[in-house]
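Enquirer:
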Amino acid sequence: MSQSPLTFDWPDADATAHSAIALGAQLRPGDTVLLSGPVGAGKTHFARALIQSLLETHEDVPSPTFTLIQTYDTRHGALWHADLYRISTDTEIDELGLVDAFEDAICLVEWPDCLGPLAAADALLIDISYRDDGRIAQWEWTAPKWNTRLAGVLQHA
């Protein structure tokens with residue numbers, strides 16, 4: 700991934716949401732964010748804050764744990780929020796249309812390990828883990844576009 704990953708300490712849910720909102724302002728169609736970490740680490744909380752920050756009008760943002768995919772029309776274009784926890788084969792991912800969405804939508808994917816070789820090569824990976832005093836997030840990437848985009852996030856972090 701990146702030469703040196705960014706590390707964010709999130710002492711509470713508000714800090715997590717603040718980083719999500721800052722990242723959301725930088726996202727454009729074709730951007731994919733992969734959210735990994737254990738159950739309850741804050742992946743959905745992060746995604747929910749990011750999505751709500753991009754909506755023209757407030758709406759409920761449910762977890763896609765059971766629906767697998769939730770789609771939204773945002774001021775930056777179409778956004779797909781996927782939770783792949785219950786996915787077991789590449790065929791199921793193909794049926795969702797997620798790989799096609801990587802090209803022209805903003806995609807937030809929880810449990811990205813389920814993608815295997817189907818993962819977007821230029822994605823931003825955010826790995827969230829627990830700490831005694833909150834959460835820590837490692838952000839990694841290889842695509843040069845993230846250097847510019849994340850500079851905008853750092854200005855607001």
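In this note's numbering, the protein residues as written are 700 to 856. From the three backbone atoms N, C-alpha and C, an ideal C-beta is built for every residue, glycine too. Please read all numbers here as calculations on a predicted model, not as lab measurements.
Check MET700 in the structure and name its three-state DSSP category.
Expert: Here the model assigns MET700 a pLDDT of 46, short of 50, so the residue's position is not dependable, and the following value carries that caveat. MET700 falls in the coil class under three-state DSSP.
Enquirer: Helix, strand or coil for ASP839? Go by DSSP, reduced to three states.
Expert: Per the sequence shown, the amino acid found at residue 839 is Glu instead of Asp. Reduced to three states, the DSSP call for GLU839 is strand.
Enquirer: Buried or exposed: SER747, going by 16 or more other Cβ atoms within 10 Å of its Cβ?
Expert: A quick correction: the sequence has Arg, not Ser, at residue 747. So ARG747 ends up on the buried side.
Enquirer: Enumerate in chain order the residues of its own chain whose CB-to-CB distance from ILE750 is below 7 angstroms, with the five nearest sequence positions on each side excluded.
Expert: VAL760, TYR771, LEU778, HIS780
Enquirer: Can you give me the C-alpha to C-alpha distance between SER701 and TRP840, rounded to a whole angstrom?
Expert: Residue placement at SER701 is flagged as unreliable, the pLDDT there being 49, under the threshold of 50; the coordinate-derived value follows with that caveat. Their backbone Cα atoms lie some 5 angstroms apart in a straight line.
Enquirer: In the DSSP assignment, find the beta strand (DSSP E) that holds THR731 and state where it starts and stops.
Expert: In the DSSP assignment, THR731 falls within the unbroken beta strand (DSSP E) covering 731-735.
Enquirer: If you reduce the DSSP assignment to three classes, tell me which class VAL808 lands in.
Expert: strand
Enquirer: Locate the alpha helix (DSSP H) running through ASP789, then write down its first and last residues.
Expert: 789-795
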